[in-house]
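Data first, discussion second: the structure below is written as structure tokens.
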Amino acid sequence: MWIYEKKLEYPVRIKNPNPKMAKLIITQYGGPDGELAASLRYLSQRYIMPIPEAKALLTDIGTEELAHFEIVGTMVYQLMKGASPEEIKAAGAADYFVDHGRGVYPQSAAGNPFTAAYIQSKGDPITDLYENLAAEQKARSTYEYLIQTADDPDVIEPLKFLREREVVHFQRFGEALMKVQEYLESKKYF
Amino acid sequence: MKNNERARLLDEIRAIEFMTIELNLYLDTHPDDRKALNDYNSYTKQLMALKDEYQRLYGPLSNFGTAVSEYPWAWLNEPWPWELD
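These protein sequences, in sequence, are chains Y and P. Counting from 1, position 37 in the first sequence corresponds to residue 150 in our numbering; the numbering is continuous, with no gaps. Counting from 1, position 60 in the second sequence corresponds to residue 61 in our numbering; the numbering is continuous, with no gaps.
So this is what it looks like as structure tokens:
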């Protein structure tokens, strides 16, 4: 089961609303390389992992991704909060506003609703771990693009933290992949 | 101000918890690294003490039987994590 901790993993204190930035950052909430996809991917893949190192890692990173899902949701919430309908319209976010108001909805920057088609759980530990290496790199790229489009330090700092976590996860998945390969070779599966 | 003190203590908890998260993931793929394990245990003890202090002052940090509450039910205490503190 899961226990909720009533705090963010990294603080978000955005003082100035910015609906345009909210509409971009939401892609890491419910977009193709976002945190919801990441968490669902790892938590779904872990069942068939053959060694405890990989079971633990997918459980722990899948859990940390839920904390990142919350950080991104908080950023969107704070960026929309207090913005007037006129400001939202001027920022090009009126399309989001008419569907979701100032609420937080899992969609991509282009407005596509979240779908499990963003993830794979293939029943093959090698395949799944390779998918995860790619997923972490895609998320890193997305955070870098978001950082390039942001100008508010209150927004950039949490994005930098989240970007760095993708790099660490990539490293750990690479180690898990090597351990799973060693294990399967020792069992003479191939 | 009380709220600033609450935010400061939370930042301190986050800093220590970051060490435990990072070491936890590292230990998942390096279970025999004794130094990392000692660090993990040491930071975990610091984290537990800081959380106890926070929860005495501001109410439960976690739900479902992981922290006791004063009367009335303090899990409802504001602010929630997405609200500016």
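The beta-carbon is built from N, C-alpha and C at its ideal position, and this holds for glycine as well.
For residue 220 of chain Y, the secondary structure class from DSSP, reduced to helix, strand or coil, is strand. When secondary structure is reduced to three states using DSSP, residue 234 of chain Y falls in the coil class, being assigned neither helix nor strand.
Taking residue 262 of chain Y as the centre and dropping the five residues before and after it, the same chain places the C-beta of 134, 137 closer than 8 Å to its C-beta, in chain order.
The region 120-179 of chain Y contains, as complete alpha helix (DSSP H) runs of 4+ residues, the segments 132-138, 140-143, 148-158 (chain order). Counting only runs of 4 or more residues that sit fully inside the region 21-68 of chain P, the alpha helix (DSSP H) segments are 35-59, in chain order. For the options Y:281, Y:223, Y:229, the alpha carbon positioned closest to that of residue 27 of chain P is the one of Y:281. Secondary structure at residue 80 of chain P: coil, using DSSP grouped into helix, strand and coil. Nearest to residue 57 of chain P by C-alpha distance, out of P:45, P:72, P:43, P:65, is P:72. With 16 or more other Cβ atoms from the protein chains shown falling within 10 Å of its own Cβ, residue 127 of chain Y counts as buried. Here residue 274 of chain Y has 123 as same chain residues with Cβ atoms under 6 Å from its own Cβ, once five neighbours each way along the sequence are excluded. Within 7 Å of the CB of residue 30 of chain P, the CB atoms of chain Y belong to 166, 170, 285, 288, 289, 292, in sequence order along the chain.
Annotation: the continuous alpha helix (DSSP H) that includes residue 273 of chain Y extends over 266-299. Using a Cβ-Cβ cut-off of 7 Å, residue 295 of chain Y is close to nothing in chain P; its nearest Cβ partner there is about 12 Å away. Contact of residue 123 of chain Y with chain P by beta-carbon distance below 9 Å involves 15, 19. Here the alpha carbons of residue 161 of chain Y and residue 10 of chain P stand approximately 40 Å from one another.
For the pair of segments examined, the region 139-153 of chain Y was found to touch the region 181-189 of chain Y: the number of CB pairs separated by less than 8 Å reaches three.
Taking C-beta atoms as the reference points, residue 32 of chain P and residue 288 of chain Y fail to come closer than 8 Å. For the pair residue 132 of chain Y and residue 204 of chain Y, the CB atoms are nearer than the 8 Å cut-off. In this structure, the CA atom of residue 74 of chain P is about 27 Å from the CA atom of residue 47 of chain P.
The C-alpha of residue 44 of chain P lies about 21 Å from the C-alpha of residue 172 of chain Y. Taking the beta carbon of residue 190 of chain Y as reference, the chain P residues within 9 Å of it are 83, 84, listed in sequence order.
Listed along the chain, the chain P residues whose CB falls inside 9 Å of the CB of residue 174 of chain Y are 26, 29. Closest option to residue 63 of chain P, judged by alpha-carbon separation, among Y:118, Y:295, Y:238: Y:118.
Membership of residue 209 of chain Y in the alpha helix (DSSP H) is indicated by the continuous run 207-213. Interface annotation, residue 33 of chain P: not in contact with chain Y, CB-CB separation never under 8 Å. Per the DSSP secondary-structure output, residue 200 of chain Y pairs with nothing in a beta bridge. In this structure, DSSP gives residue 118 of chain Y an extended state, which the three-state scheme calls strand.
Counting C-beta pairs with one atom in each stretch, the region 144-155 of chain Y and the region 172-181 of chain Y have three or more that are closer than 8 Å, which means they touch.
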